[in-house]
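Single-structure report; data block below.
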Amino acid sequence: MLTALNVISPPSVLINGKPCETLSVLDRGLQYGDGLFETIHIVDGRCQYWGEHVDRLELGCEKLGIQFPGRVDLSKDADSLIRPSQMGVLKIIVTRGVSNRGFRINPENPPNRVALLAAQLQYPAKYYSEGVELVLCKQRLGNSPQLAGIKHLNRLEQVLARREWDDEYQEGLLLDQFGRVAEGTMSNVFIIEGQCLITPALEACGVHGVIREQIIRKIDTLGMRIKQEDFTKQRLLEADAVFMTNSIFGVWPVHSFEKRSWEPHPLIPRLLATLGFPT
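In structure tokens form, the structure reads like this:
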């Protein structure tokens, strides 16, 4: 069971820097999923990996041709919502804004910017000490190199995948259209083979998670190598260990998947400490 820390009810919301909880029904984020989002972990009143999240948001705006709101305004939103010593989750949404009907884009259209502060979920300690149960999803990720890497608002594949199981599993594994391992419904996936980590390249689908990128940059400090390459479900089943990552829970070792089970790898607590998560 998940519990909430520092419950914020209702969630605190800013739209374009002002307290508000409504958007126009003509907003393209609502009509077409035309936008991006970031979900940021708040620890002791500070946004973890703020710069990395904003960098990815800016890259996503560039890829989609949406005007980037600017770092100053985004920082002001965060400062307005977050109290000192607060724990929570900050979600930033940027849409292409309001437009008339039709898919055609007006490049001069001003974007809408939403900042939403919500309570932090506290995950059971055993998810970290013992690991989580992983299930294979029937839903697969479509290939779209233009969208690969960014956190766009179109999450129907993840929504449909999450419908496939109840709470006996903590995460679902998604394959791409060619049957290769891609990611979790809300996380990135890594396997360990000896002294090497392998994570899917994600050149045609999936999200380049902030924690994924941090591991890629920092893993050599822990005496390990890393490869970004595609692999099959069978290779995952034969791995020495498997773990999932995202910006909110950090790193979860996988305890079981299908008929295979693993013991938590000694690398996991070292990774959590290196990434700034409690161990």
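Quick note on numbering that gives the first Met the number 0: the sequence shown kicks off at 0 and runs consecutively.
The beta carbon of each residue, even a glycine, is placed where N, CA and C say it ideally should be.
Since the model is a prediction, treat every value here as computed from it, not as a measurement.
Shown here, W251 sits in a strand according to DSSP, grouped into three states. Between the segment 236-246 and the segment 264-272 there are three or more C-beta pairs closer than 8 Å, enough to call the two in contact.
Taking the C-beta atoms as reference points, V209 is found nearer than 9 Å to S246.
DSSP places D54 outside any beta strand (DSSP E); the residue lies instead in the alpha helix (DSSP H), whose first and last residues are 49-63. Within the model, the alpha-carbon separation for Y127 versus G59 is close to 31 Å. By the neighbour-count definition (other C-beta atoms within 10 Å, threshold 16), P144 is an exposed residue. Shown here, Q194 sits in coil according to DSSP, grouped into three states, outside any helix or strand. Contact between F230 and R179 holds: their C-beta atoms lie close to 7 Å from each other, under 8 Å. In terms of Cα proximity to A147, the closest of R103, L73, F248, P199 is P199. The alpha-carbon of E167 is positioned some 41 Å away from that of D72. Under the three-state reduction of DSSP output, S11 falls in the strand class. Cβ contact annotation for L25 (same chain, cutoff 6 Å, sequence separation greater than five): V97, in chain order. In the pairwise beta carbon analysis, the segment 210-220 is classified as not touching the segment 92-106: fewer than three pairs are separated by under 8 Å.
Taking V253 as reference, the option from L133, D165, H207, C195 with the minimal CA-CA separation is L133. A straight-line Cα-Cα distance of about 21 Å links R45 and P68. L115 sits away from I81, with the two beta carbons spaced by 9 Å or more.
Annotation for T244: the continuous beta strand (DSSP E) segment containing it runs 240-245. Checking the DSSP bridge columns, you'll see A114 partnered with L13, I91.
The beta carbon of S74 is closer than 7 Å to none in its chain, skipping five residues each way along the sequence. Remark: C-beta atoms of L155 and G205 do not approach each other more closely than 9 Å. Around I14, the same chain offers V113 as residues with beta carbons nearer than 6 Å, after the five sequence neighbours per side are excluded.
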